[in-house]
Amino acid sequence: MTKPLIPFQLPSIDEDDIVLVTQAMRSKWLTMGKMVSDFETQFAQKVDGRYAISTNSCTAALHLALCALNIKEGDDVLVPTMTFTATAEAVLYMRARPVLVDCQKDTLNMDSTDAERKITKKTKVIIPVHVAGLPCDMEAIQQLAKRYQLKIIQDAAHAFPTKYRGIPIVSLSDATCFSFYATKPITTGEGGMVVTNDEIDAKQMKILRLHGISRDPWSRNLSPHYDILEAGFKYNLTEMAAALGLSQLKKADLFWEKRFRIAQLYTQELKMTPEIILPHPGHLTDQHAWHLYTIRLKTNALKITRDELINILLEKGIQTSIHWKPLHLHPFYQKNYGFTPHHFPNATEVFEQILSLPIYPDLKEQEVLIVCSTLKEIIQKYRL
Ligand SMILES: *Cc1c(COP(=O)(O)O)cnc(C)c1O
Numbered sequence: 083m084t085k086p087l088i089p090f091q092l093p094s095i096d097e098d099d100i101v102l103v104t105q106a107m108r109s110k111w112l113t114m115g116k117m118v119s120d121f122e123t124q125f126a127q128k129v130d131g132r133y134a135i136s137t138n139s140c141t142a143a144l145h146l147a148l149c150a151l152n153i154k155e156g157d158d159v160l161v162p163t164m165t166f167t168a169t170a171e172a173v174l175y176m177r178a179r180p181v182l183v184d185c186q187k188d189t190l191n192m193d194s195t196d197a198e199r200k201i202t203k204k205t206k207v208i209i210p211v212h213v214a215g216l217p218c219d220m221e222a223i224q225q226l227a228k229r230y231q232l233k234i235i236q237d238a239a240h241a242f243p244t245k246y247r248g249i250p251i252v253s254l255s256d257a258t259c260f261s262f263y264a265t266k267p268i269t270t271g272e273g274g275m276v277v278t279n280d281e282i283d284a285k286q287m288k289i290l291r292l293h294g295i296s297r298d299p300w301s302r303n304l305s306p307h308y309d310i311l312e313a314g315f316k317y318n319l320t321e322m323a324a325a326l327g328l329s330q331l332k333k334a335d336l337f338w339e340k341r342f343r344i345a346q347l348y349t350q351e352l353k354m355t356p357e358i359i360l361p362h363p364g365h366l367t368d369q370h371a372w373h374l375y376t377i378r379l380k381t382n383a384l385k386i387t388r389d390e391l392i393n394i395l396l397e398k399g400i401q402t403s404i405h406w407k408p409l410h411l412h413p414f415y416q417k418n419y420g421f422t423p424h425h426f427p428n429a430t431e432v433f434e435q436i437l438s439l440p441i442y443p444d445l446k447e448q449e450v451l452i453v454c455s456t457l458k459e460i461i462q463k464y465r466l
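Here the sequence shown is numbered in this note's numbering, starting from 83 and rising by one per residue.
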């Protein structure tokens, strides 16, 4: 396949990023050094959290958070069906059961009413995912957590920077997990971070993150002695990755402003097309990360399906995507948990309608306009 004219996602990498990564390489201290430590400190400050532990993925961060909350075989964890598999996969690492929850059609976020229906004595944790960076109804989720004594882990893979009703999200849960995968709001290539305000959980996650070893690896402690305190994991970040993270962090606000402007432009250009349902913009005092701009197509008003539309767009050089095919429609979750489409009517319905348009800091205004005019042309041609 030839390279699409307008790719769906692209990381923003500039000379400053390259200089800092190169500096890490030249220092010959390649892992768990000052870059990692500085990245954690500065990230914690940026999200208003007390403790930040960097990991080599958000999936690893979710795993560490579940470990800190002592999730065990036989426990249930509420996970939205409208998410990436990593959210549920981390639960499986604990031999616990991911209990899927339907989404709201307008926000694509977890439906707290359906979540409450699925709570039993076995339910220990709820993992809201802020889809596209639109904050979930955290008030409702916190009420559930209080009423049924559940812990909350936020999957904030898309949600940076994000505020819920003016509040930085990390204060709303026991742990919050971020992703620095190539296409996420800021990137380290692969990487993640778990943020908590609980000192004991933070200490445990830090130890588990690197083989359960007792001492701080970057204390440059020259003593050859250390103790293994737990059966840990190899989840740490390299200095090169942390250097990229530090450099990206400096540009996070600028990245967000660019995404916000692109979202506004899409909204302005597409709001008069009746076959398109625009993404929920969030509450007035929310900060939406705009990691994705996901529209819904009124497919019953069109002669083509969403997938046919995707192919026509691709032929015209515009790459789009789907977030997501809900977990309950995937063979693994169907085979192991017996889910059927009608168990999750909202997610099943919106799955046929959702279409994520290109959005990233380097996307030009002109390109957004091309996406919009092409999309409107196709819709006009195929409207019923
Ligand atoms: C990308 C993503 C993850 C996984 O992040 P990694 O850093 O690749 O492990 C988890 N949850 C959601 C919602 C994501 O989009």
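Ideal Cβ placement from N, Cα and C applies to all residues, glycine included.
- Looking from the CA of Glu122, the closest CA among Pro443, Thr349, Asn138 and Ile377 belongs to Asn138.
- Leu160 and Pro306 have their C-alpha atoms some 43 Å from each other.
- Using a 10 angstroms sphere on the CB of Ile282, the tally of other CB atoms stays under 16, which defines it as exposed.
- In the structure shown, the three-state DSSP call for Asp237 is strand.
- Around the beta carbon of Phe125, a 10 Å sphere encloses 16 or more other beta carbons of the protein chains shown; the residue is thus reported as buried.
- In the DSSP assignment, Phe260 falls within the beta strand (DSSP E) that extends over Ala257 to Ser261.
- Positions of the alpha helix (DSSP H) runs, each at least 4 residues long and wholly inside the segment 307 to 362, are given as 321 to 332 and 334 to 352 in order along the chain.
- Three or more beta-carbon pairs separated by less than 8 Å are not found between the segment 182 to 196 and the segment 325 to 335, which leaves the two stretches without contact.
- Here Tyr230 carries a helix assignment [DSSP, helix/strand/coil].
- Proximity of the beta carbon of Phe166 to ligand 1 is indicated: a heavy atom of the ligand is located closer than 6 Å.
- Its chain contains Glu357 as the residues whose beta carbon lies nearer than 6 Å to that of Lys380, once the 5 sequence neighbours on both sides are disregarded; these appear in chain order.
- DSSP, read as helix, strand or coil, puts Tyr442 in coil.
- At least one heavy atom of ligand 1 falls within 6 Å of the beta-carbon of Tyr263.
- By the C-beta density criterion, Thr104 is exposed, having fewer than 16 other C-beta atoms within 10 angstroms.
- When DSSP assignments are scanned along the segment 377 to 445, the uninterrupted stretches of beta strand (DSSP E) that are 3 or more residues long and fall wholly within it turn out to be 436 to 439.
- Looking only at Trp372, Ile234, Ala383 and Phe337, the smallest Cα-Cα distance to Glu221 is reached by Ile234.
- By a beta-carbon distance limit of 8 Å, Leu102 contacts Ala325. Their separation comes to about 4 Å.
- For the 7 Å CB-CB criterion, Ala150 and Val277 do not form a contact.
- Beyond the five residues adjoining it in sequence on each side, Ile289 comes within less than 8 Å, by CB distance, of Ile295, Ser296, Leu311, Glu312 and Gly314 in the same chain, given in chain order.
- DSSP, read as helix, strand or coil, puts Ile295 in strand.
- Checking the 6 Å criterion, the Cβ of Val207 is out of range of every heavy atom belonging to ligand 1.
- For the 7 Å CB-CB criterion, Ile377 and Ile460 do not form a contact.
- Straight through space, the alpha carbons of His410 and Phe426 are spaced by roughly 8 Å.
- Cys259 sits away from Ala371, with the two beta carbons spaced by 7 Å or more.
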